[in-house]
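Colleague:
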Amino acid sequence: MPSKQIDEFNEKLVAIDTGKDFFIFEVKWVLESFYLNFTKYLFLLQIDCKKLGDGLIYEDVDGSNVFPHFYGPSRSFVPLTLDMVVKSEGLILSNGKFVCSMLN
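Residue numbers (the working numbering): 185 to 288.
Put into structure tokens, the structure is as follows:
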């Protein structure tokens, strides 16, 4: 994946979750809520959270839910590096739903 696409994806990175079932629900909800009209390429990345270090911050987002967000090492907003990416897959919009094997 070209560096420019990774940088564009990092700008759109919303949340990371370590529990697979919740992660899939959360990602599908975010995609369908905010990206249905997105005209550029979208990729779903599987990230090695151990490599995120202190850039992975768990934050209270609504007074009752805490979600992990990635801000780069020491909150520097430095983009993800390729060695943090375990797997990537392009998302396809089909009948108003995003699909890829990682969302099954």
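All C-beta atoms, glycine included, are put in the ideal place defined by N, C-alpha and C.
Within 10 angstroms of the Cβ of residue 211, are there 16 or more other Cβ atoms? Answer buried if so, exposed if not.
Modeller: Here residue 211 is buried. Its C-beta has 16 or more other C-beta atoms within 10 Å.
Colleague: Going by beta-carbon coordinates alone, are residue 228 and residue 268 separated by less than 8 Å?
Modeller: no
Colleague: I need the boundaries of the beta strand (DSSP E) containing residue 282, first residue and last residue.
Modeller: 281-283
Colleague: Closer than 8 Å is the cut-off here; do at least three beta carbon pairs connect the region 212-226 with the region 275-287?
Modeller: Yes, they touch.
Colleague: Going by the DSSP bridge assignment, what does residue 208 pair with across the sheet?
Modeller: In DSSP, residue 208 forms no bridge with anything.
Colleague: Go through its chain and collect everything with a Cβ distance to residue 284's Cβ below 8 Å, but skip five positions before and after it.
Modeller: Annotation for residue 284: 228, 273, 274, 275, 276 place their beta carbon closer than 8 Å to its own, counting only its chain and skipping 5 residues before and after.
Colleague: Give the secondary structure of residue 254 by DSSP, where H, G and I count as helix, E and B as strand, and everything else as coil.
Modeller: strand
Colleague: Ordered along the chain, which non-local residues of its own chain (more than five positions away) have a Cβ less than 6 Å from that of residue 192?
Modeller: At residue 192, the pLDDT of 47 sits below 50, so the modelled position is not reliable; the number obtained from the coordinates is stated separately. Nothing meets the Cβ criterion.
Colleague: Reducing DSSP to helix, strand and coil, say where residue 224 ends up.
Modeller: In the structure shown, residue 224 sits in coil (DSSP, three-state: anything other than H, G, I, E or B).
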